[in-house]
Amino acid sequence: IEDRECVLISEVHGAMSCLNCAQGSLSWQIDLNSAIFVAPTLLGQSILITCQSSGITCYDVDGVHDWDWFPNAAHGLYSSQITPFVHGDRQYLCVCTHLGVLSIVGPIGGGTNVPQQLVEYRLPAESFSSPLIIDDLIVIGCRDDRVHACKLTEPVRKISQERSSTDFTD
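Per our numbering, the sequence shown starts with residue 89, numbered consecutively.
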């Protein structure tokens, strides 16, 4: 976390820690009671974590719990990195379950307002990949040895690159 000189560490056994680099001390630690296989996503002052037995858990930079979101498919996100993007003036997330259910979740922000699943699209195979947004496409690899692209109908901006994408079309 840049302005705090801290590093976030997620551990496979379910712990999330914030280490203060300047002081060499532990700022806070939480136990999510679920395996974590991916690094957390930092989105503004929110820390987003995907867990094996749940969905997305959100904490603020002080380690205070904000909200949890669980996919409609009732399957954990395992190793899927969260892909944030902007549509209009709101932030959204794109995630995929290991069974190949791609979701757009949002809007994100506003404290304890739990985001809703807005779009759900079933891919033709399992996926342990993270969705990638390129212009108006969501691109993701599946266990059928193919890379699949879902075209989005409304332009959005990818948060990290000010780019594009929302509703799915085939």
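Note that beta-carbon positions come from the ideal geometry of N, C-alpha and C, so glycine has one too.
At a Cβ-Cβ threshold of 9 angstroms, W155 and T171 do not count as neighbours.
Two segments are said to touch when three or more pairs of C-beta atoms, one from each, lie closer than 8 angstroms; by this definition the stretch 218-225 touches the stretch 182-189.
Under the three-state reduction of DSSP, R210 is assigned to strand.
Shown here, D150 sits in coil according to DSSP, grouped into three states, outside any helix or strand. Boundaries cannot be given for P128, as no beta strand (DSSP E) includes it and DSSP labels it neither H nor E. Rounded to the nearest angstrom, the gap between the Cα atoms of C238 and L136 is 24 angstroms. In the DSSP secondary-structure assignment, Q204 is bridged to G194. According to the DSSP secondary-structure assignment, S168 is paired through a beta bridge with no residue. Excluding the 5 residues flanking it on each side, V235 has same chain C-beta neighbours closer than 8 angstroms at V227, I228, G229, in chain order.
Taking 8 angstroms as the upper bound for CB-CB distance, A127 and H101 are not in contact here, some 15 angstroms apart. In the DSSP assignment, S115 falls within the beta strand (DSSP E) that extends over 113-119. With a threshold of 16 other beta carbon atoms within 10 Å, Q111 falls short and is exposed.
Listed as beta-bridge partners of D232 by DSSP are no residues whatsoever. Annotation: S134 to D232 spans about 34 angstroms, alpha carbon to alpha carbon.
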